[in-house]
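Participant:
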Amino acid sequence: KRWDIGDAMSTLKADTIQSTGGGAATLTKQAASKVFLLSNAGAAASASLNVSGMTDNGTGDYTTSFSSAFGSANYASCAVPSRASGDTSLGANVHTRAAGSYRCECCRDDSTKTDAVNYSSSHFGDLA
């Protein structure tokens, strides 16, 4: 049968999807963040996924630990700070990655470390 745009759409509803062997289904050709973090005040997570804790290493310098580690330190990271009033520019640098954590610095244009008002990050890769 040829389907036309006007034909009715179907809805699939399920509580659990499993592989044919009974285990977890493997999703292919999909990428999703395995870790995300929103911090509103230094080393305190206000919203997160797969974050077990944060360490304040000093002004604008944080280490975040994961609940479930990546398979290696080769994962992609994106970190974004929001600047305080009066800051002209602010950046974040994820400079040290390990399978179970990463370290990030928030800096002004002149490389002076500063605590961000808000700091968010997301990380993509394969979990161990």
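In terms of this note's numbering, the sequence shown is residues 247 to 374. A virtual CB, placed ideally from N, CA and C, is assigned to each residue, including glycine.
Restricting to Cα atoms, I'd like to know which of Cys353, Ser357, Asp356, Ser347 is closest to Ser368.
Facilitator: Nearest of Cys353, Ser357, Asp356, Ser347 to Ser368, Cα basis: Ser347.
Participant: On the CB-based measure, 16 or more other CB atoms within 10 Å of its CB, does Ala362 come out buried or exposed?
Facilitator: Burial call: buried.
Participant: For the beta strand (DSSP E) that Ala291 lies in, which residues bound it at each end?
Facilitator: Unbroken beta strand (DSSP E) run through Ala291: 291–295.
Participant: What do you reckon, are the CB atoms on Ala338 and Tyr365 nearer than 8 Å?
Facilitator: For Ala338 and Tyr365, yes; Cβs fall inside 8 Å.
Participant: For Ala277, which residues in the same chain have their Cβ closer than 7 Å to its Cβ, ignoring the five residues on either side in sequence?
Facilitator: Here the set comprises Phe370.
Participant: Just the Cα atoms here: how many angstroms apart are Leu258 and Val281?
Facilitator: Spanning the two alpha carbons is a distance of roughly 28 Å.
Participant: Starting from Asn364 and walking both ways along the beta strand (DSSP E), at which residues does that stretch end?
Facilitator: Asn364 -> beta strand (DSSP E) spans 364–370.
Participant: Alpha carbon to alpha carbon, how far is Asp355 from Ala315? Give it in angstroms, no decimals.
Facilitator: The straight-line gap from Cα to Cα measures roughly 32 Å.
Participant: How many Å lie between Leu336 and Ala374 at the Cα?
Facilitator: Each residue's Cα considered, the two are about 33 Å apart.
Participant: Among Thr358, Tyr308, Glu351, Phe312, whose alpha-carbon lies nearest the alpha-carbon of Ser298?
Facilitator: Here the closest residue by C-alpha is Phe312.
Participant: Residues in the same chain with beta-carbon distance under 6 Å from Ala345, minus the five sequence neighbours each way, listed in chain order, please.
Facilitator: Excluding residues within five positions, the ones whose Cβ falls inside 6 Å are Ala315, Phe316, Ser318, Ala319.
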